[in-house]
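> Below is a structure I'd like to ask you about.
There are 2 protein chains.
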Amino acid sequence: MMFLATITIGLKEGMLDPEAKAISHALGNLGFPTDDIKTERVFLIRFDAADHRDAEEKARGMCERLLANPVIHHYEIEVRR
Amino acid sequence: MMFLATITIGLKEGMLDPEAKAISHALGNLGFPTDDIKTERVFLIRFDAADHRDAEEKARGMCERLLANPVIHHYEIEVRR
Numbered sequence: 641m642m643f644l645a646t647i648t649i650g651l652k653e654g655m656l657d658p659e660a661k662a663i664s665h666a667l668g669n670l671g672f673p674t675d676d677i678k679t680e681r682v683f684l685i686r687f688d689a690a691d692h693r694d695a696e697e698k699a700r701g702m703c704e705r706l707l708a709n710p711v712i713h714h715y716e717i718e719v720r721r
Numbered sequence: 641m642m643f644l645a646t647i648t649i650g651l652k653e654g655m656l657d658p659e660a661k662a663i664s665h666a667l668g669n670l671g672f673p674t675d676d677i678k679t680e681r682v683f684l685i686r687f688d689a690a691d692h693r694d695a696e697e698k699a700r701g702m703c704e705r706l707l708a709n710p711v712i713h714h715y716e717i718e719v720r721r
């Protein structure tokens, strides 16, 4: 059966986020001063799995094998039908 | 007072997403066939605003002036204290 995994990947606390820094700088120049910016990526992935548990395991495998770098990223997985 | 805006930016329906295509291909090669992949970016932005309405207006301004390209992106804004 088909499942939809929402995988959110962000940088671990303390990691430099040069994109956030560049955006903060640009927003300031446009008249939008900011106090803090974090960036995340979201992948919405539809795939076939035997059951909910199998879907979670597959989504975790996708993160660990490809989508996230465990040294610098944290990730969250939410699976639903 | 400080507000936190969660801004989610994705491609409009029908727009090509070459990153999603590349990920789909790579996941397939790793033994994770997928049916559909969408990618989104999330910006978590903390900034000062007079009230909730002012914060929403500023967040919308950030999207329209810098973060999103209205021709190809849709965006969602969620503001909280």
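Taken in order, these protein sequences are the chains called B and Y.
Sequential numbering from 641 applies to the first sequence in our numbering.
Sequential numbering from 641 applies to the second sequence in our numbering.
Where a beta carbon is used, it is the ideal one built from N, C-alpha and C, also for glycine.
Pick out whichever of B:Leu651, B:Val719, B:Phe672 has its Cα sitting closest to the Cα of Val711 (chain B).
By 1-based counting over the first sequence, the position of residue 711 (chain B) is 71. Nearest neighbour of Val711 (chain B) by Cα position, chosen from B:Leu651, B:Val719, B:Phe672, turns out to be B:Leu651.
> In the DSSP assignment, the beta strand (DSSP E) including Met702 (chain B) goes from what residue to what residue?
The residue given as residue 702 (chain B) occupies position 62 in the first sequence. Premise fails: Met702 (chain B) lies in the alpha helix (DSSP H), 692-702, not in any beta strand (DSSP E).
> Does the distance from the C-beta atom of Arg700 (chain Y) to that of Met642 (chain Y) stay below 9 angstroms?
On the second sequence, position 60 is the one that residue 700 (chain Y) refers to. On the second sequence, position 2 is the one that residue 642 (chain Y) refers to. Result no, Cβ atoms of Arg700 (chain Y) and Met642 (chain Y) do not sit closer than 9 angstroms.
> Using the DSSP secondary-structure output, state which residues sit across from His665 (chain Y) in a beta bridge.
As a first step, residue 665 (chain Y) must be located in the second sequence, where it is residue number 25. Note: His665 (chain Y) sits in no beta bridge, so no partner.
> May I have the straight-line CA-CA distance separating Ile717 (chain Y) from His692 (chain B), to the nearest angstrom?
Position 77 of the second sequence, counting from 1, holds the residue named residue 717 (chain Y). Position 52 of the first sequence, counting from 1, holds the residue named residue 692 (chain B). The straight-line gap from Cα to Cα measures roughly 30 angstroms.
> Can you pull the chain Y neighbours of Met702 (chain B), defined as C-beta to C-beta under 7 angstroms?
As a position in the first sequence, residue 702 (chain B) is number 62, starting the count at 1. Here the neighbours are Leu667, Phe672.
> Kindly confirm or deny that the stretch 664-679 of chain Y and the stretch 677-696 of chain B touch, where touching means at least three C-beta pairs closer than 8 angstroms.
yes
> Would you tell me roughly how many angstroms separate the C-alpha atoms of Gly654 (chain B) and Ser664 (chain B), rounded to the nearest one?
On the first sequence, residue 654 (chain B) is found 14 positions in, with the first residue counted as 1. On the first sequence, residue 664 (chain B) is found 24 positions in, with the first residue counted as 1. Distance between the alpha carbons of Gly654 (chain B) and Ser664 (chain B): 17 angstroms.
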